[in-house]
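Comments concern the structure below.
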Amino acid sequence: MIEYRGRKERKRTGMKPGIIHILSAAGTLIFLLYWGVRSGKGMKDASAFQRGSQQASVLLVIGAVLGTMIGGAATIGTAQMAFTNGLSALWFSIGSAVGCLFLVVVGIPFRQSGWISVPALIKHEYGEKLGVLSTTLTALGMLINIAAQMVAAAALLGSLFHLPVYWSVILCILSMSAYVLFGGLRGAGILGMLKTVFLYVALIISSIIIFRQAGADRLFRNAIEAGMGIFHRGIGIDVGAALGAVLGFGTTQAYFQSIISAKDDKTARKALYFSAILLPPVGIFSTQIGLYMKSIYPNLPPGHAFSTFVLEHFPAVPAGMTIALLFFALLGTGSGMALGLSTNLTHDLYLSYFKRSEKEGNTLAVNRFMLLLSLILGGVLTLLSGQTSILAWGFLSLGLRGMVLFAPVIGALFFRGKYTAGRMALAATLPLTVYLVCKMFFALAFDPVFIGLGLSITLLLLPTNQKIRRSTRE
Numbered sequence: 051m052i053e054y055r056g057r058k059e060r061k062r063t064g065m066k067p068g069i070i071h072i073l074s075a076a077g078t079l080i081f082l083l084y085w086g087v088r089s090g091k092g093m094k095d096a097s098a099f100q101r102g103s104q105q106a107s108v109l110l111v112i113g114a115v116l117g118t119m120i121g122g123a124a125t126i127g128t129a130q131m132a133f134t135n136g137l138s139a140l141w142f143s144i145g146s147a148v149g150c151l152f153l154v155v156v157g158i159p160f161r162q163s164g165w166i167s168v169p170a171l172i173k174h175e176y177g178e179k180l181g182v183l184s185t186t187l188t189a190l191g192m193l194i195n196i197a198a199q200m201v202a203a204a205a206l207l208g209s210l211f212h213l214p215v216y217w218s219v220i221l222c223i224l225s226m227s228a229y230v231l232f233g234g235l236r237g238a239g240i241l242g243m244l245k246t247v248f249l250y251v252a253l254i255i256s257s258i259i260i261f262r263q264a265g266a267d268r269l270f271r272n273a274i275e276a277g278m279g280i281f282h283r284g285i286g287i288d289v290g291a292a293l294g295a296v297l298g299f300g301t302t303q304a305y306f307q308s309i310i311s312a313k314d315d316k317t318a319r320k321a322l323y324f325s326a327i328l329l330p331p332v333g334i335f336s337t338q339i340g341l342y343m344k345s346i347y348p349n350l351p352p353g354h355a356f357s358t359f360v361l362e363h364f365p366a367v368p369a370g371m372t373i374a375l376l377f378f379a380l381l382g383t384g385s386g387m388a389l390g391l392s393t394n395l396t397h398d399l400y401l402s403y404f405k406r407s408e409k410e411g412n413t414l415a416v417n418r419f420m421l422l423l424s425l426i427l428g429g430v431l432t433l434l435s436g437q438t439s440i441l442a443w444g445f446l447s448l449g450l451r452g453m454v455l456f457a458p459v460i461g462a463l464f465f466r467g468k469y470t471a472g473r474m475a476l477a478a479t480l481p482l483t484v485y486l487v488c489k490m491f492f493a494l495a496f497d498p499v500f501i502g503l504g505l506s507i508t509l510l511l512l513p514t515n516q517k518i519r520r521s522t523r524e
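For the sequence shown, my numbering gives the first residue as 51, with consecutive numbering after it.
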């Protein structure tokens with residue numbers, strides 16, 4: 051157990067939210083959701099819904115990126131892992147930050163390509179079958195991420211208000227729909243910015259409280275002395291999980307859409323650099339909370355570490371606001387994934403097979419329907435999942451997406467016309483298959499993302515014939 055020298059273990063106060071907590075949380079949620087719906091007024095066509103008018107400033111792009119990245123895994127999940135695995139929890143925020151830098155490498159060329167979705171790029175380069183295959187395979191990973199946010203929300207609402215899981219899931223679906231359904235990417239950017247600012251304030255206050263009561267340096271030092279350092283789960287597991295996060299973030303539709311929404315390449319690039327700087331503190335602050343709660347309440351359910359800290363150390367009104375912000379963080383990530391998935395399903399499945407829908411209004415209606423369908427499927431997956439570690443879901447979702455898309459995206463962006471559709475189909479399925487088989491049936495001393503990435507790189511480096519064909523967009 052991590053503990054402070056000279057500090058006695060506390061007894062839990064058993065504090066539960068009162069009417070002031072509930073009113074404060076409800077008021078904060080209503081305020082944020084109001085701005086989301088308000089920002090979507092005048093959204094008349096599918097392009098604006100998906101691209102956000104392509105006039106977003108640096109702040110709005112940062113809001114869209116961080117609003118999706120800073121969700122249940124970055125906050126509640128990180129505190130949960132810090133409670134059980136110490137400083138290993140930092141690897142998610144490290145992977146997120148490096149993922150933003152990787153997005154600079156692949157996201158800007160994607161923006162310049164003119165495509166609105168990753169499967170559309172793949173379809174153009176390798177044919178329609180591979181585009182549909184990539185959409186289908188990555189849909190599962192994105193649904194897992196949506197479900198991860200709902201699992202976190204169910205834990206949060208269940209611990210605070212004793213809501214049954216199915217009611218928590220229904221509330222998540224309704225709230226995520228309101229978050230982005232009427233505002234599209236523009237709504238996600240504005241709300242992401244508001245949420246990020248408020249959440250940072252709450253995390254900084256939490257860090258100050260912990261520093262005054264325990265000393266952040268002492269927390270980290272005691273964790274290391276207790277054998278719960280940054281490689282607590284093993285170098286291969288922890289670094290591999292971060293690598294999977296980098297690949298997943300760097301190939302995910304939701305973040306490409308945030309980049310597309312920027313008014314120019316320079317704006318998108320600056321937003322990604324700032325996002326990379328802003329992400330690690332979220333992981334550090336959340337890790338502090340997990341370590342601190344472990345030291346004073348070693349028998350606390352790990353998933354309750356963050357919410358219990360807020361209830362016991364914040365006054366009622368700020369506590370209610372912070373709980374609402376935590377819930378909103380989950381909504382931001384879940385709805386951002388749903389927006390990306392709905393874009394893929396609309397453009398790369400529906401419009402591919404039902405081309406009669408030519409009107410923008412029809413496409414917008416289909417896109418919104420697909421978004422709602424994505425949230426419902428994520429809710430069903432949540433109900434079927436049972437109790438699961440939030441970060442475990444997050445890392446699995448990111449690794450799965452990275453295994454499918456890394457080689458096809460790199461090939462389509464930087465080596466156009468060099469690879470056959472057959473080779474890229476193998477590059478999309480073989481790494482994924484090996485990754486999942488190793489995850490399910492083998493207890494390896496390292497994350498199987500290393501094997502999957504090795505296979506992807508090998509298939510990219512194997513000799514090819516001369517340029518097979520010229521892209522029609524050259």
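Every residue, glycine too, gets a C-beta built ideally from N, C-alpha and C.
N- and C-terminal bounds of the alpha helix (DSSP H) containing residue i
i, result
"Arg473", "471-491"
"Pro2", "Since the displayed the chain opens at 51 and closes at 524, residue 2 lies outside it and no answer follows."
"Met453", "440-464"
"Leu137", "No alpha helix (DSSP H) contains Leu137, which DSSP labels as neither H nor E."
"Lys173", "168-176"
"Ala106", "Looking at the DSSP string, Ala106 is not in any alpha helix (DSSP H), and its letter there is neither H nor E."
Assigned exposure category for residue i - 16 Cβ within 10 Å defines buried
i, result
"Arg262", "exposed"
"Gln22", "Any answer about residue 22 is impossible in this case: the structure gives the chain only from 51 up to 524."
"Trp217", "exposed"
"Tyr84", "exposed"
"Phe492", "exposed"
"Arg101", "Low confidence applies here, because Arg101 scores a pLDDT of 48, under 50, leaving its location unreliable and the question unanswered by this model."
"His397", "buried"
"Pro513", "exposed"
"Met243", "buried"
"His354", "buried"
"Gly145", "buried"
"Gly370", "buried"
"Lys245", "buried"
"Val529", "There is simply no residue 529 to check, as the chain begins at 51 and stops at 524 in what is shown."
"Pro458", "buried"
"Lys316", "exposed"
"Phe152", "buried"
"Phe133", "buried"
"Lys94", "Note on Lys94: pLDDT 49, under 50, position unreliable in the model; no value is reported."
"Ala98", "In this predicted model, Ala98 has a pLDDT of only 48, less than 50, meaning its place in the structure is not dependable enough to derive any value."
"Phe465", "exposed"
"Ala96", "In this prediction, Ala96 scores a pLDDT of 47, lower than 50, which makes its location untrustworthy; the coordinate-derived value is nonetheless stated afterwards. So Ala96 ends up on the buried side."
"Pro67", "buried"
"His282", "buried"
"Met420", "buried"
"Thr483", "exposed"
"Gly136", "buried"
"Leu381", "buried"
"Ile166", "buried"
"Thr413", "buried"
According to DSSP, residues forming a beta bridge with residue i
i, result
"Ala202", "Answer by DSSP bridge pairing: none, since Ala202 is not bridged."
"Ala228", "For Ala228, which the question treats as bridged, DSSP gives no partner whatsoever."
Test: residue i CB closer than 8 Å to a CB of chain B
i, result
"Trp141", "Looking at the structure shown, chain B is missing, and only one protein chain is on hand."
Could you say if the region 197-206 and the region 339-348 meet the contact criterion of at least three C-beta pairs nearer than 8 Å? no
May I have a chain-ordered list of the beta strand (DSSP E) segments no shorter than 3 residues that lie completely inside the region 338-416? none
Count Cβ pairs between the region 166-181 and the region 439-446 that sit closer than 8 Å; are there 3 or more? no
Would you call the region 267-281 and the region 419-428 touching, i.e. three or more CB-CB distances under 8 Å? no
Could you pull out every unbroken beta strand (DSSP E) segment of at least 3 residues lying fully inside the region 253-291, listed in chain order? none
Check whether the region 379-386 and the region 119-130 are in contact - that is, three or more C-beta pairs closer than 8 Å. yes
Could you say if the region 188-196 and the region 445-461 meet the contact criterion of at least three C-beta pairs nearer than 8 Å? yes
Going residue by residue through the region 306-333, where are the continuous beta strand (DSSP E) segments of at least 3 residues, counting only ones entirely within it? none
Take every Cβ of the region 326-338, pair it with every Cβ of the region 181-188, and state whether three or more of those distances are shorter than 8 Å. no
At least three beta-carbon pairs within less than 8 Å, the region 250-261 to the region 335-344: yes
Using a Cβ distance threshold of 8 Å, determine whether the region 104-114 contacts the region 288-302, with at least three qualifying pairs required. no
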